[in-house]
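Encoded as structure tokens, the structure appears first; notes follow it.
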Amino acid sequence: MNADYDGKFDIDLNPGNWPDGLPPCLIRVDKEGRMTHLGAPMIHEGINRLLMEHVRLDEKGRYIIEFNGQRCYVDVEDTFFVIQRLDRVAEESESFFVTLNDGTRERLDPSSLSQGRENVLYARVKAGRFPARFLRPSYYQLAEFIVEKNGSFVLPVGGRDYPIQ
1 MNADYDGKFD IDLNPGNWPD GLPPCLIRVD KEGRMTHLGA PMIHEGINRL LMEHVRLDEK
61 GRYIIEFNGQ RCYVDVEDTF FVIQRLDRVA EESESFFVTL NDGTRERLDP SSLSQGRENV
121 LYARVKAGRF PARFLRPSYY QLAEFIVEKN GSFVLPVGGR DYPIQ
């Protein structure tokens, strides 16, 4: 399934042409984490949450939704999950929490931070099962705490420096 700029989709309905016989979900997730179905925004939070609860990455790196014995692949521009917000929690051991596009909030694993093309920042989420892209606002929230040490960028958390790979 490929979206043209005019919003039209080229959908191959021949099962013989589907990768591994796996049908497309006809759902696309753009790099900002917005979900669309055949180009129309998916705005029902309950349905979106249900789909997000049933997504997994297969051995080929494809995002697969499995629900009630049915499987299909999702067209994902970058990552299925995105980090919308970052909050710093100053406790005994300083930590950060991220809010994802599925509405969940979890502790950031600073050892999972990595930098991709065009300086896009990523972290692993959902117990390390998925990569997640930092959206611009959350990227800027985290950037306030990143420091340069010995020519590299690190995130100091709880007395330890975590390099950004």
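Take 1 as the starting number for the sequence shown in the numbering used here and just add one per residue. Even glycine gets a Cβ: it sits at the ideal position worked out from N, Cα and C.
{"Item": "Proximity of Arg-133 and Lys-31 at Cβ, strictly below 8 angstroms", "Value": "yes"}
{"Item": "Spatially closest choice to Pro-41 from Ile-27, Asp-58 and Glu-148, by CA coordinates", "Value": "Ile-27"}
{"Item": "Per-residue DSSP class, three states only, for Ala-143", "Value": "helix"}
{"Item": "Residue range of the unbroken alpha helix (DSSP H) whose run includes Ile-47", "Value": "45-53"}
{"Item": "DSSP bridge partner residues for Met-35 (one or two, in chain order)", "Value": "Val-29"}
{"Item": "Euclidean distance between Cα positions of Asp-12 and Gly-39", "Value": "16 angstroms"}
{"Item": "Simplified DSSP state of Asn-150, which is helix, strand or coil", "Value": "coil"}
{"Item": "Test item: CB-CB of Ser-112 and Ala-123 under 8 angstroms", "Value": "yes"}
{"Item": "Opening and closing residue of the beta strand (DSSP E) in which Pro-131 lies", "Value": "130-134"}
{"Item": "Range of the contiguous beta strand (DSSP E) that encloses Ala-123", "Value": "121-125"}
{"Item": "Element boundaries [beta strand (DSSP E), containing Asp-161]", "Value": "160-163"}
{"Item": "Exposed unless 16 or more other CB atoms sit within 10 angstroms - verdict on Asp-102", "Value": "buried"}
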